Amino acid sequence: MTELNVSGSASTELAHTRDELAKLLEPARRDGASVGFVPTMGALHEGHASLMRVARERVGGGPVVASIFVNPLQFGAGEDLDRYPRTLEADLEICEREGVDVVFAPSVDEVYPGGLPQVTVAPGELGDVLEGKTRPGHFGGVLTVVAKLFGLVGPDVAVFGEKDYQQLALISRMSSDLCLGVDVVGAPTQREPDGLALSSRNRYLSPEQREEATTLSRALYAAQREAINGVDAAHQAARAELRRAKTVDLDYLAVTDPALGELPTDPEPGTEARILIAARLGTTRLIDNMSLTIGASR
Ligand code: PAF
């Protein structure tokens, strides 16, 4: 266990093992303080910092814990597990700046002693659509590690970004279906000034790809504006933006209800919906999503 003194203010503590984590959380458990939790895979950016601030608001003086763990279980063959950025020193500085009390940065063996687990969490049907269709097994890996981390950290509140909207929906569902007792909170997507959703994977983009990557958010904003004229108009507006891009290889563009189910065929004016997009720029796969209000101005 290392004590950090990056800024000289109340310091963030770093735990690499389950025992170290348990010891650091002992006082909070004894005092019955609320524990806030922000699970991450590291390569932290302003989006993660905003999740830490939401966790702090929720727990007041209780401890905020962030985990940094690149979870092999959620990466498929040929995905970016090996090249996923690992930037612990810089991550710790962000945690320190945001007043995170404990960072849990375990090894793969610490999380999966004796190899990958026999018992895993099955996401059900929602895990097979959209991201789950392109990335089979991905959400099983996400839910399994999040369930384990919930078990180790014992949070009252856990905060996840809306950028990974399907992940947020599934984790929220897992917590209620399995009675895990964790209040799963979604926090708004943080964006660059030109609209690009912040993502740890943005750093893979070449300058040219970085420019074209704004196509995703431009398509979603166009759909938001056109949603007043119905679902088809929203779709078409998004597709018109996508056609302008030369190197954006669309994986999916989908309009769903806010719970990721099907929208009614003829939605009432004012019906809330979600538009979700995934696309590749070279070898980098990006996702984004926004809310829509069908048939009414926002
Ligand atoms: O969103 C992420 O960074 C990961 O999927 C999560 C939730 C930390 C699980 O590994």
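Under this note's numbering, residues 561 to 858 are what the sequence shown spells out, in order. By construction, the Cβ of each residue, glycine as well, lies at the ideal position given by its N, Cα and C atoms. Predicted, not measured: the structure shown is a model, and the values here were computed from it.
Sequence-distant residues of the same chain with beta carbon closer than 7 Å to residue i, five excluded per side
i: P632; result: L641 and V668
i: Y764; result: T844
i: T600; result: H608, A626, S627 and I628
i: E832; result: P818, S851 and T853
i: D754; result: T774
i: K708; result: V671
i: S732; result: V744
Opening and closing residue of the alpha helix (DSSP H) in which residue i lies
i: G621; result: Where G621 is concerned, there is no enclosing alpha helix (DSSP H), given that its DSSP letter is neither H nor E.
i: F720; result: From DSSP, F720 is part of no alpha helix (DSSP H) but of the beta strand (DSSP E) over V717 to G721.
i: F710; result: H698 to V713
i: L860; result: Because the chain is modelled from 561 through 858, residue 860 falls outside the range shown and cannot be assessed.
i: D509; result: Not covered by the structure: residue 509. The range shown for the chain is 561 to 858.
i: T694; result: E691 to T694
i: D792; result: V791 to R804
i: E670; result: V668 to V671
Three-state class that DSSP yields for residue i in the structure shown
i: M561; result: The pLDDT assigned to M561 is 39, lower than 50, so where the model puts this residue is not dependable, and the model offers no usable value.
i: L644; result: Note that residue 644 is Tyr in the sequence shown, not Leu. Looking at Y644 - three-state DSSP - the assignment turns out to be coil, as it is neither helix nor strand.
i: N631; result: coil
i: R589; result: helix
i: L846; result: strand
i: E573; result: strand
i: R751; result: strand
i: A663; result: Correcting the residue identity first, residue 663 is Val in this sequence and not Ala. Reduced to three states, the DSSP call for V663 is strand.
i: T825; result: coil
i: L730; result: helix
i: L584; result: helix
i: S760; result: helix
i: L676; result: coil
i: L852; result: strand
i: C739; result: coil
i: D688; result: coil
i: P683; result: coil
i: E606; result: helix
i: E639; result: coil
i: L611; result: helix
i: L765; result: coil
i: A819; result: coil
Same chain, Cβ closer than 8 Å to residue i, five either side skipped, listed in chain order
i: V663; result: T572, E573, L574, A575, V625, A626, S627, I628, D651, L652 and C655
i: R616; result: G596, V624, E658 and G659
i: A783; result: A794, H795, A797, A798, V815, I835, M850 and L852
i: L756; result: N762, R770, A773, T774, L776 and S777
i: K806; result: E772
i: L823; result: V791, V815, T816, D817, T831, A833 and I854
i: V768; result: The residue you asked about is not Val; residue 768 is Glu in the sequence shown. Hits under 8 Å: T807.
i: R804; result: T775
Residue range of the unbroken beta strand (DSSP E) whose run includes residue i
i: G746; result: D743 to A747
i: I837; result: T831 to L841
i: Y812; result: V808 to T816
i: G596; result: G596 to T600
C-beta contact flag for residue i and residue j at 9 Å
i: V681; j: T647; result: no
i: Q727; j: V702; result: yes
i: G830; j: I854; result: yes
i: F699; j: L740; result: no
i: A719; j: A747; result: This sequence places Val at residue 719; Ala is not what is there. Against a cut-off of 9 Å, the Cβ pair of A747 and V719 comes out as a contact.
i: A838; j: L810; result: yes
i: V598; j: L611; result: yes
i: V808; j: V717; result: no
i: E722; j: T694; result: no
i: V630; j: G674; result: no
i: P683; j: M734; result: yes
i: G622; j: A582; result: no
i: S766; j: P645; result: no
i: P666; j: T577; result: yes
i: G636; j: P696; result: yes
i: Y812; j: L686; result: no
Cβ shell of residue i (< 6 Å), same chain only, five flanking positions each side left out
i: R840; result: D809
i: I847; result: A838
i: A856; result: P829 and G830
i: H605; result: L758
i: R751; result: A757
Checklist entry - For the ligand PAF, which residues count as neighbours when the test is a C-beta closer than 6 Å to any heavy atom? => result Counting only residues whose CB is nearer than 6 Å to a non-hydrogen atom of the ligand PAF, the list in chain order is P599, T600, M601, N631, Q634, V702, V705, V706, D724 and Q727.
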